[in-house]
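Peer 1: Below: one structure in structure tokens.
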Amino acid sequence: MLYYFRIYRIYINNAVSYHAQYRASTWLHFILHIVWLAMTLFLVSIFFEHIDAIAGWKKEELYLMAILWSLADQISIVFFNNITNLPDLVTDGNLDGHLTKPASPLFTITLNKINIFALYKALGECALLAWLFFHYNFSIDLLHITMGTMLFLSAVIINYSFVLILNTLSFWFYRINNVNEAWFTIFEIGKYPLSVLPKTGRILFLTVLPVAFIAYIPVATITGKFPWYGILYAVLFTVFIFLFAILFWKHALKKYSSASS
Amino acid sequence: MKKYFTLISGSIQKKLAFPANLTLWLLVDIAQVAILPFIWVAIIHEKGNINGFAPADIITYYVILTFIAFATSSHSAKYVEQDIVTGNLNKFLTKPLIYCIRNYVSGLGYNIIAGTIALCTIIVLYFFFPNVILLPFSRAHLALFIISLFIASFLSTCIQQITGFVSFWMGDTSGVRHLRYMTEKVFSGEFAPLTLYPIFMQTVASILPFKYLFFIPISLYLGKISVQEGIYEIIKGIIWLGIFLCILLIMWKQGVKRYDGSGA
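Just so you know, the protein sequences line up as chains A and B, in that order. Last residue of the first sequence: 261 (our numbering), numbering continuous. Last residue of the second sequence: 1264 (our numbering), numbering continuous.
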């Protein structure tokens, strides 16, 4: 464990050194992200030009959903974004470089590049979140906040697990380097209240395409809209999908044969 | 011209050779608007009608939007950036092809296949749900709609390639691509019909060219604008297309001067 912690510390040092060379780029990313976030919140407000609540969801609750969704996305980008390069590593034969290292290849592939840009964005979103709670009168208690925070962390784990599963498919399907764009587009559905969907859609996004876990379930839990058995399901689903992703990865590695390196 | 038709044919064969890649792009274009019709129908059901949009109008709006996304949308920005950053552009500079046209026709394979799939799906949907999927408002509107699709297709590839060419100056354009994506989503009518926006945003959207990507074609299909207005919008769309082509050409010429082919 200490061994992997030492390796991770080196990755962090490398990331900080690398991003320190691109300070202008960091600021540009941050400003563009603020603009993007403002547009997201604006799009949500358009719905409420015509109505006071959508399927029981008020405007501030949808704002909360959008910000939590973006925060989950940024946290995933900070720590796990490098896994999205897996299809290219497999097709170009560069995966061999990770397999021959004296460390878990999943660890080195996932964590060897830490995105400091996204960390600044995540911190900005935390500030926005704090403002939202102060500005709007959310009727919440400590228990729901704690459960919601736990489910939010589960959302990050679910997102990583699902992205790992999708990218592991590149061991069998070639030319699926757009799988991450496809997932991000589907992932965006998670910032809207999924209770507007018919039953089939809700089941789909609570199982096969787990976007409901990203922001909808945490916010529903915080606002007291989500039942206790749903929270239990979310926790069990997190454990299941994470274990499945790891086992699927190990199975894929056994099938891997290097094209070239 | 023959070489570009060969490229189109090759592009279609390439897309069909990698069905997983094609399926994923289809999912991307569907997922971008998957939940929005449900949200708007939930809103409109309570009100009955919002700014001339009944439930059937809004459902048809998003169905036709998906068809337009399949048939006209370009996804070339990321590939252009990769060509520039990795030095892969070198091989295109030595070929007797105009790079911008090459990028356009390379994407046509996906548009032709996906557009055909979407059209067949809409026809099937119409037979099952004739009350919900509306037919074109009139033959004149249909003709203008088809012309507007060509404008949307050329405009989409221009905007994508301009975004990609920013790499000549910036390298990593992920932030710019994201900004372009959000701006298009807001002002093209992809998120919602522009007439449902606040008045000041409708004014901004009417000035910008992004409405020609989705909102104008769909408005023509649904008959939300008259034939005369439609012709006027088509002319404006062609003028915008000319402006973007000029920007594209200038960026290409200036960008190639800066390009050093490193990474190849």
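Just so you know, even glycine gets a beta-carbon here, dropped at the ideal spot from N, CA and C.
Apart from the five residues just before and just after Ile12 of chain A, which ones in its own chain have a Cβ nearer than 8 Å to its Cβ?
Peer 2: These residues qualify, in order along the chain: Ile114.
Peer 1: Thinking C-beta only, is Leu1097 of chain B closer than 8 Å to Lys1003 of chain B?
Peer 2: Yes; because the gap between Cβ atoms is below 8 Å, this pair is in contact.
Peer 1: Along the chain, where does the alpha helix (DSSP H) that runs through Phe133 of chain A open and close?
Peer 2: Ile116 to His135 is the span of the alpha helix (DSSP H), which, as asked, contains Phe133 of chain A.
Peer 1: Might you give, ordered along the chain, the residues of its own chain that have their beta carbon closer than 8 Å to the beta carbon of Ala122 of chain A, omitting 5 neighbours on each side?
Peer 2: Closer than 8 Å at the Cβ level, and outside the excluded window around Ala122 of chain A, lie Leu71, Gln74, Ile75 and Val78.
Peer 1: Could you tell me whether the Cβ of Gln1198 of chain B comes closer than 8 Å to any Cβ of chain A?
Peer 2: A small correction: the amino acid at residue 1198 of chain B is Pro; Gln does not occupy that position in the sequence shown. Yes, Pro1198 of chain B lies at the interface with chain A (some Cβ there is under 8 Å from its Cβ).
Peer 1: Measure from the C-beta of Trp36 of chain A to each C-beta in chain B and report whether the shortest distance is under 8 Å.
Peer 2: Yes, Trp36 of chain A lies at the interface with chain B (some Cβ there is under 8 Å from its Cβ).
Peer 1: Taking Cβ positions only, does Asn178 of chain A come closer than 8 Å to chain B?
Peer 2: By this cut-off, Asn178 of chain A is an interface position.
Peer 1: I'd like to check one pair, Tyr1259 of chain B with Phe1165 of chain B: are the Cβ atoms closer than 8 Å?
Peer 2: Going by C-beta atoms, Phe1165 of chain B is not nearer than 8 Å to Tyr1259 of chain B.
Peer 1: For Thr1023 of chain B, count neighbouring Cβ atoms within 10 angstroms of its own Cβ and tell me buried if that reaches 16, exposed if not.
Peer 2: Label assigned to Thr1023 of chain B: exposed.
Peer 1: I want to know whether the region 83 to 99 of chain A touches the region 47 to 55 of chain A - three or more CB-CB distances under 8 Å.
Peer 2: At 8 Å Cβ cutoff, the stretches do not touch.
Peer 1: Looking at C-alpha atoms only, which residue of A:Ala127, A:Leu111 and A:Pro198 is the closest neighbour of His135 of chain A?
Peer 2: Looking at the Cα atoms, A:Ala127 is the closest of the given residues.
Peer 1: Please report whether the beta-carbon of Glu49 of chain A lies at a distance below 8 Å from any beta-carbon of chain B.
Peer 2: Chain B, which has a Cβ nearer than 8 Å to the Cβ of Glu49 of chain A, makes this yes.
Peer 1: Find the residues of chain B that neighbour Thr168 of chain A, judging by a C-beta separation of less than 8 Å, and give them in chain order.
Peer 2: Simply none; closest approach about 13 Å.
Peer 1: Pull out every residue of the region 11 to 32 of chain A whose Cβ sits closer than 8 Å to any Cβ of chain B, in chain order.
Peer 2: Against chain B - using a Cβ distance shorter than 8 Å - the residues of the region 11 to 32 of chain A are Ser25, Leu28, His29 and Leu32.
Peer 1: Can you list, in chain order, the residues of its chain with a C-beta nearer than 7 Å to that of Val211 of chain A? Leave out the 5 residues immediately preceding and following it.
Peer 2: Excluding positions up to five away in sequence, the list reads Ile186, Phe187, Ile189, Gly190 and Phe205.
Peer 1: Looking at Thr223 of chain A: is its Cβ nearer than 8 Å to the Cβ of Glu61 of chain A?
Peer 2: Yes, the pair counts as a contact, with Cβ atoms nearer than the cut-off.
Peer 1: Taking 8 Å as the cut-off, decide whether the C-beta atoms of Ser1073 of chain B and Ser1148 of chain B are in contact.
Peer 2: Taking 8 Å as the Cβ cut-off, Ser1073 of chain B and Ser1148 of chain B do not qualify as a contacting pair.
Peer 1: Can you list, in chain order, the residues of its chain whose CB lies under 6 Å from that of Gly201 of chain A, leaving out five sequence neighbours each side?
Peer 2: Around Gly201 of chain A: no qualifying Cβ.
Peer 1: Please compile the residues from chain A whose C-beta is within a distance smaller than 7 Å of the C-beta of Met1182 of chain B.
Peer 2: Under the 7 Å cutoff, chain A gives Trp36 and Met39.
Peer 1: Using 8 Å as the threshold, is the C-beta distance between Ala1020 of chain B and Phe173 of chain A below it?
Peer 2: Closer than 8 Å, so yes.
Peer 1: In this structure, how does DSSP classify Trp1240 of chain B when only helix, strand and coil are distinguished?
Peer 2: Helix.
Peer 1: Among B:Thr1163, B:Lys1224 and B:Ser1188, whose alpha-carbon lies nearest the alpha-carbon of Gly1237 of chain B?
Peer 2: It is B:Ser1188.
Peer 1: Between Phe1127 of chain B and Leu209 of chain A, what straight-line distance do the alpha-carbon atoms span, to the nearest angstrom?
Peer 2: Using only the alpha carbons, I get a separation of about 29 Å.
Peer 1: Do Ile1050 of chain B and His50 of chain A have their C-beta atoms within less than 8 Å of each other?
Peer 2: Taking 8 Å as the Cβ cut-off, Ile1050 of chain B and His50 of chain A qualify as a contacting pair.
Peer 1: Taking the alpha helix (DSSP H) that Tyr1061 of chain B belongs to, which residues open and close that run?
Peer 2: Where Tyr1061 of chain B is concerned, the enclosing alpha helix (DSSP H) stretches over Pro1055 to Thr1072.
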